[in-house]
Amino acid sequence: MSEVKRTPGDVLRETRRKDSQSKRAKVLATVDAMKAKGEPITFLAVARAAGVSRWLVYAEGVREHIEAAMKSQAKSERRSKQAGRDASAASLATDLALVREENKALREERDRLKKAVQRSLGAQLDQAGTKELTERVNELLAAVERITLERDEISAERDELKRKLTEAEDDLAAARAAGKEMFKRINRT
Numbered sequence: 151m152s153e154v155k156r157t158p159g160d161v162l163r164e165t166r167r168k169d170s171q172s173k174r175a176k177v178l179a180t181v182d183a184m185k186a187k188g189e190p191i192t193f194l195a196v197a198r199a200a201g202v203s204r205w206l207v208y209a210e211g212v213r214e215h216i217e218a219a220m221k222s223q224a225k226s227e228r229r230s231k232q233a234g235r236d237a238s239a240a241s242l243a244t245d246l247a248l249v250r251e252e253n254k255a256l257r258e259e260r261d262r263l264k265k266a267v268q269r270s271l272g273a274q275l276d277q278a279g280t281k282e283l284t285e286r287v288n289e290l291l292a293a294v295e296r297i298t299l300e301r302d303e304i305s306a307e308r309d310e311l312k313r314k315l316t317e318a319e320d321d322l323a324a325a326r327a328a329g330k331e332m333f334k335r336i337n338r339t
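Here my numbering is used: the first residue of the sequence shown is 151, the next is one more, and so on.
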């Protein structure tokens, strides 16, 4: 048996064919996924979602599948409009007016609640501030009283020391005078 040798061209053609089939399958799967999710199907959207070149989505065999999906979406949209699933312009305008009124009421309620919270916090701060200030004033008054007592004690101690100093000076002067007198008597004799 003889084995058929494949040329590099054959290998390249086979690789390209497999790559093309893979990309075409990816495009078809992407179209089905977009259709299932309800995403709008266009040639450009499919090419971007599948990550393939634009020319591939227009290629024979792929283009027909995309066109069929686009027609199916268009029919589905028409049916939903005919069934009354889509709201009319007047209905949408009414809904919009109701939402605006509700938003206005919610803003007013938010502002009212915000002011109430601010008043409450202000009162709490005032109470806390008054209490803390009263405590601090009491602490300072106690400190003033303690310092006054210490000052009076120190003044009394100072006065006592002055008195003792005066006495010591007087005793020293008397001792000097007595010493001089003694020296005079000793020298005379």
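Even glycine gets a Cβ: it sits at the ideal position worked out from N, Cα and C.
Where residue 187 is concerned, the enclosing alpha helix (DSSP H) starts and stops at 158-187. Per DSSP, residue 209 lies in no alpha helix (DSSP H) and is assigned neither H nor E.
For the pair residue 191 and residue 219, the CB atoms are nearer than the 8 Å cut-off.
One thing to note: residue 173 has its Cβ no nearer than 8 Å to the Cβ of residue 154. The straight-line gap separating the alpha-carbon atoms of residue 198 and residue 185 is approximately 15 Å. Here the alpha carbons of residue 166 and residue 206 stand approximately 13 Å from one another. Look at residue 238 here: in three-state DSSP terms it is coil, with no helix or strand label. For residue 189, the closest alpha carbon among the candidates 170, 213, 315 and 226 is that of 226. For residue 196, the enclosing alpha helix (DSSP H) has its first and last residue at 193-200.
A buried status is given to residue 216, since no fewer than 16 other beta-carbon atoms sit within 10 Å of its beta-carbon.
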